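Some notes on the structure that comes next.
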Amino acid sequence: MAAERPLLEVENLRTYFDTPRGILKAVDGVSFTLDKGETIGIVGESGSGKSVLVRSIMNILTSNAIIPDGSEVFFDGKDTRNLSRSEAKHFWGTQMAMIFQDPMTSLNPVKKVGIQITESIRYHLGASKQEAMERALELMVQVGIPEPRKRLKEYPHQLSGGMRQRVTIAIALACNPKLLIADEPTTALDVTVQKQILDLLASLQEELGMAMILITHDLGVVAGRARRIGVMYAGKMVETADTTTLFHHMNHPYTEALFKSIPRVEHQSHTRLDAISGRPPDMVLDLVGCRFAPRCRYAQEQCITDEPDLFDTGQTGHRQACFYPVGSPENAEALAANQATGITAAGLDLTAAAVS
Amino acid sequence: MAGTGKVHMRGTEALVSVEDLVMEFPAGRRAVVHAVSGISFDILEGETLGLVGESGCGKSTTGRAMMQLPSPTAGSVRFDGVEMTELSKEDLRRTRTRMQMIFQDPISSLNPRRKVKDIVAEGLSIWHNDAGDTAVQKVNEVLDAVGLDPEVVSDRRPHQFSGGQCQRICIARALVLDPKVIICDEPVSALDVSVQAQILNLLEEMKERYGLTLVFIAHDLAVVKNVSDRVVVMYLGKVCEVAGPDTLYAHPAHPYTDVLLASIPEPDPDHPVSDRQITGELPSPINPPSGCRFRTRCEKVQDLCSEEEPELREIAPDHFVACHFPNEVPVSVNGN
Ligand SMILES: Nc1ncnc2c1ncn2[C@@H]1O[C@H](COP(=O)(O)OP(=O)(O)OP(=O)(O)O)[C@@H](O)[C@H]1O
Ligand SMILES: Nc1ncnc2c1ncn2[C@@H]1O[C@H](COP(=O)(O)OP(=O)(O)O)[C@@H](O)[C@H]1O
Ligand code: SF4
Ligand code: SF4
Ligand SMILES: [Mg+2]
Ligand SMILES: [Mg+2]
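Each protein sequence line maps, in turn, to chains V and X.
Residue numbering for the first sequence follows this note's numbering, beginning at 49 and increasing consecutively.
Residue numbering for the second sequence follows this note's numbering, beginning at 915 and increasing consecutively.
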């Protein structure tokens, strides 16, 4: 039996924006696939291109976006760029749906919750008002909203942040999409509610067999939730692996740095955090060499002149883009050399405290 | 008294003591929001006190009430021997320079039209009539201290900066007045983990360098633990538990602390996601549950919990809990 084609295939996707300052390369050659029912976590700092990546997949970019030739997105075997307008309209909602960091961006503040859920059901499924209302109630129960009948008649501002996010999940699920894209769904919520929402997404996913792209800036959020993880930096995927491999054999210095910056509750209080110094590069510039080099403890001459490509590490499904992968002898040598001079080839001062 | 007890107070040696703090807001038709209902805590000089709890439990209200923004409905806030709630307007304005606050949303708490140097100098010109060279020097010093190059940033405006950099500007603005106490209200909640680590480290450095006393408010116990010397766990306007951060982690006594700990996402795929999840929603502070306010969501609830409010009591040295049926903790733990 031939292997089933993945649900989603993203091939060398590039998304540029025409801005007053020049061409901003928000996503610059990202490839990955996602199987039916599978979850991939996409992790990276603010501005690394996570949202633009999924907006490109959803085909909901602003008009200043440029997608250079050669970028491909196949969903269920279909090239999403070739969809007709009417096909595209029904595509969101029925095939793919998205939830956002701030639930208010997808909710209308002046419409009752019930109307907002039923609207999308009626639009996509052509259901009657009555049928749509019943389905809405069912969804409210499914996403764990107490007193669903009462809540349907309320406005978004009458709900807590967690409840609002549940409502957007209900709307996203209304038409049984095959793929749910969750763009930092819990970043604006506190940890207890974050836990509730992540648990909810996991159980819904199991129940409905959806695939999911879970975006976050916190490796902790995806560790227990995603089967695979892709780490993005400055518009590029710098490491991908299944979750266990990624955590046990972190290869890319950026992945390692993200991991180390998390405060761990099991560490003694006042443990100094290994913050990543500096900030991601300005993506309007023509970037040469490794994009992480200015912030990387291991950077060598080669990192400044050559751009590392994503390549297989030899472990199944584990790919990474670094010349001096963490854990390798070359990496240890690079660090020793930099520590000896106190400065990396890219000018990062290793003697100063790791913060400022 | 409706308070949750004061056995954890350390008496006169504290720099700040908050006692029986109550904050209520009218909510129309004779309804009242019971935002904070009789909480007490104190802070020693040079200490960082963490305030942790979920959204709506009254953390910000407590922080603002300490600053008298607005003054509490009832209760006392003593700061360096002065009763803040009884100060005249003018004295209060002076005292407030020594107690500063920074907020969760760094970008929106900066005036977008002003230059960074003017934002940071704002307090100076108001408080010390301190224009000219000394002011410029002071502004440059604090900008430098928070890791911003004064030459590069002074003439720029906030929108040119990232969230993390804006938070540095806010910290500089607070530092410029040489405060004794800084109340940090969720200073890292809106930031990426990588930037969060930079700001947490920076706060620790500033505390050291300027001899600060900090109140650190957050909803994530892992974050609070990293910077705090003592932690107060709050729920729906009440105090649940008070202890050193390491004790709190090793031996949580209150069922709500258990939940907070179980909610922290572990960056470790071998660590199974806890099946403990807080059930339901925070009850309305307009009509809080009788007895123990956590009882509607507590796994260990008994009849007594709705009848009688648990008072804070010491269950181990320097470890206090307000629960009728707390978790067992070893009594002989050696500090934290
Ligand atoms: N000015 C006000 N008028 C009416 N109610 C208020 C006012 N300020 C706060 N509250 C209410 O008091 C309670 C505590 O609010 P507070 O902002 O202190 O919570 P918090 O713990 O800081 O939460 P968050 O994590 O959301 O910042 C909430 O129920 C809030 O709605
Ligand atoms: N519509 C747009 N026009 C111009 N630039 C954009 C647009 N949307 C995003 N960008 C830029 O693309 C980069 C990546 O952004 P984004 O995908 O939102 O990052 P993330 O979601 O990882 O935080 C950023 O530099 C951002 O400013
Ligand atoms: S070692 Fe070089 S290639 Fe690898 S992340 Fe650092 S700068 Fe990039
Ligand atoms: S007093 Fe009762 S309801 Fe409250 S936390 Fe303790 S066991 Fe739970
Ligand atoms: Mg984003
Ligand atoms: Mg608050």
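Every residue, glycine too, gets a C-beta built ideally from N, C-alpha and C.
All values derive from a computational prediction rather than experimental measurement.
When the options are compared against residue i, the one with the closest alpha-carbon
{"i": "X:Ile1192", "options": "X:Arg1070, X:Pro1186, X:Ala1176 and X:Leu935", "result": "X:Ala1176"}
{"i": "V:Leu237", "options": "V:Glu287, V:Phe148 and V:Gly337", "result": "V:Phe148"}
{"i": "X:Arg1087", "options": "X:Glu1100, X:Ser1103 and X:Ile1033", "result": "X:Ile1033"}
{"i": "V:Glu409", "options": "V:Thr303, V:Lys226, V:Gly278 and V:Thr264", "result": "Since the first and last residues shown for chain V are 49 and 404, residue 409 of chain V lies out of range."}
{"i": "X:Leu1089", "options": "X:Ser1076, X:Gln1112 and X:Lys1052", "result": "X:Lys1052"}
{"i": "V:Gln350", "options": "V:Pro328, V:Thr392 and V:Gly209", "result": "V:Thr392"}
{"i": "X:Asp1189", "options": "X:Arg1207, X:Ile1178 and X:Pro1197", "result": "X:Ile1178"}
{"i": "X:Val950", "options": "X:Leu958, X:His922, X:Pro984 and X:Ala928", "result": "X:Pro984"}
{"i": "X:Arg924", "options": "X:Arg1123, X:Val1156 and X:Ser1204", "result": "X:Val1156"}
{"i": "V:Thr67", "options": "V:Thr110, V:Ile310 and V:Pro204", "result": "V:Thr110"}
{"i": "X:Ile1200", "options": "X:Pro1166, X:Leu1062 and X:Gly1151", "result": "X:Gly1151"}
{"i": "V:Leu173", "options": "V:Phe295, V:Leu200, V:Trp140 and V:Met146", "result": "V:Trp140"}
Helix, strand or coil at residue i according to DSSP, with G and I counted as helix
{"i": "X:Asn1054", "result": "helix"}
{"i": "X:Gly1194", "result": "coil"}
{"i": "X:Cys1098", "result": "strand"}
{"i": "V:Ala259", "result": "strand"}
{"i": "V:Ala284", "result": "Reading off the sequence shown, one finds Lys at residue 284 of chain V, where the question assumed Ala. Strand, per DSSP."}
{"i": "V:Glu86", "result": "coil"}
{"i": "X:Asp1069", "result": "coil"}
{"i": "X:Gly1249", "result": "Reliability of the predicted coordinates at X:Gly1249 is poor, the pLDDT of 44 falling under 50, and the value obtained from them is presented with this limitation in mind. Correct three-state label for X:Gly1249: coil."}
{"i": "V:Val403", "result": "Confidence at V:Val403 is low in this model, with a pLDDT of 40, below 50, so its placement is unreliable and the value that follows should be read with caution. Coil at V:Val403, not helix or strand."}
{"i": "X:Ala916", "result": "The pLDDT assigned to X:Ala916 is 38, lower than 50, so where the model puts this residue is not dependable; a value taken from the coordinates is nonetheless given after this. Note: X:Ala916 maps to coil in three-state DSSP."}
{"i": "X:Arg1007", "result": "helix"}
{"i": "V:Leu267", "result": "helix"}
{"i": "X:Arg924", "result": "coil"}
{"i": "X:His1127", "result": "A small correction: the amino acid at residue 1127 of chain X is Thr; His does not occupy that position in the sequence shown. X:Thr1127: strand per DSSP, three-state reduction."}
{"i": "V:Asn379", "result": "helix"}
Environment of residue i [buried if 16+ CB atoms lie within 10 Å]
{"i": "V:Ile108", "result": "exposed"}
{"i": "V:Ile169", "result": "buried"}
{"i": "X:Arg943", "result": "exposed"}
{"i": "X:Phe993", "result": "buried"}
{"i": "X:Ala916", "result": "Legend: pLDDT at X:Ala916 = 38, less than 50; position of this residue unreliable, no value from coordinates given."}
{"i": "X:Ser1022", "result": "exposed"}
{"i": "X:Val932", "result": "buried"}
{"i": "V:Val403", "result": "Unreliable positioning characterises V:Val403 in this predicted model, as indicated by a pLDDT of 40, which lies under 50. The coordinate reading is nonetheless provided below. Classification of V:Val403: buried, given that the 10 Å Cβ count is 16 or more."}
{"i": "X:Gly1249", "result": "In this prediction, X:Gly1249 has a pLDDT of 44, which is less than 50 and means its spatial position is unreliable; nothing more can be read from the coordinates."}
{"i": "X:Pro1026", "result": "exposed"}
{"i": "V:Pro157", "result": "exposed"}
{"i": "V:Ala385", "result": "exposed"}
{"i": "V:Thr264", "result": "buried"}
{"i": "X:Asp1099", "result": "buried"}
{"i": "X:Phe1075", "result": "buried"}
{"i": "V:Leu246", "result": "buried"}
{"i": "V:Phe359", "result": "exposed"}
{"i": "X:Leu1218", "result": "exposed"}
{"i": "V:Pro194", "result": "exposed"}
{"i": "V:Ala401", "result": "Residue confidence is low: V:Ala401 scores 49 on pLDDT, short of 50, so the model does not pin down where it sits. No coordinate-derived value is stated."}
{"i": "X:Ala928", "result": "buried"}
{"i": "V:Thr166", "result": "buried"}
Whole-number beta carbon distance between residue j and residue i, since they are thought to touch under 8 Å
{"i": "X:Ser954", "j": "X:Gln1018", "result": "Rounded, the Cβ-Cβ distance is 25 Å, inconsistent with contact."}
{"i": "V:Met260", "j": "V:Gly97", "result": "Between V:Gly97 and V:Met260 the Cβ distance is about 19 Å, and since that is not below 8 Å, they are no contact."}
{"i": "V:Arg62", "j": "V:Ile105", "result": "Actually they are not in contact, since the Cβ atoms of V:Arg62 and V:Ile105 sit about 13 Å apart, beyond 8 Å."}
{"i": "V:Gly192", "j": "V:Pro151", "result": "About 15 Å; that fails the 8 Å criterion."}
{"i": "V:Asp354", "j": "V:Gly365", "result": "Not really, about 25 Å apart at Cβ, beyond 8 Å."}
{"i": "X:Pro1240", "j": "X:Cys1212", "result": "Actually they do not touch by this definition, with Cβ atoms about 11 Å apart."}
Contact set between the stretch 1153-1170 of chain X and chain V, restricted to residues whose Cβ is under 7 Å from the partner: Pro1159, Asp1160 and Tyr1163
Chain X contacts made by the stretch 294-318 of chain V, where a contact means CB separation under 9 Å: Taking 9 Å as the upper bound on Cβ-Cβ separation, chain X lies near residues Leu294, Phe295, His296, Ala305, Leu306, Phe307, Lys308, Ser309, Ile310, Pro311, Arg312, Val313, Glu314, His315, Gln316, Ser317 and His318 of the stretch 294-318 of chain V.
Chain-ordered residues of the stretch 1057-1072 of chain X with a beta carbon less than 7 Å from chain V: Gly1061
Within 8 Å of chain V by C-beta, residues of the stretch 1137-1149 of chain X in sequence order: Val1137, Lys1139, Asn1140, Val1141, Ser1142 and Asp1143
Residues of the stretch 1101-1127 of chain X whose Cβ lies closer than 9 Å to any Cβ of chain V, in chain order: Ser1103, Ala1104, Leu1105, Asp1106, Val1107, Ser1108, Val1109, Gln1110, Ala1111, Gln1112, Ile1113, Leu1114, Asn1115, Leu1116, Glu1118 and Glu1119
Proximal residues, the stretch 1194-1223 of chain X versus chain V, C-beta separation under 9 Å: Gly1194, Glu1195 and Leu1196
Members of the stretch 318-334 of chain V that neighbour chain X once the beta carbon cut-off is set at 8 Å: His318, Thr319, Arg320, Leu321, Asp322, Ala323, Ile324, Ser325 and Arg327
Residues of the stretch 118-143 of chain V whose Cβ lies closer than 7 Å to any Cβ of chain X, in chain order: none
Chain V contacts made by the stretch 919-942 of chain X, where a contact means CB separation under 7 Å: none
Contacting positions in the stretch 236-257 of chain V - beta carbon closer than 9 Å to chain X: Ala236, Leu237, Asp238, Val239, Thr240, Val241, Gln242, Lys243, Gln244, Leu246, Asp247 and Ala250
Near-chain X residues of the stretch 265-297 of chain V (beta-carbon distance less than 7 Å), N- to C-terminal order: His265, Asp266, Leu267, Gly268, Val269, Ala271, Gly272, Thr291, Thr292 and Phe295
Interfacial residues, the stretch 85-103 of chain V to chain X, with Cβ spacing under 7 Å: Flagged, chain order: Glu93 and Ser94.
Positions along the stretch 968-994 of chain X whose CB lies within less than 8 Å of some CB in chain V: Glu968, Ser969 and Gly970
The stretch 191-207 of chain V: positions lying closer than 8 Å to chain X by Cβ: Pro194
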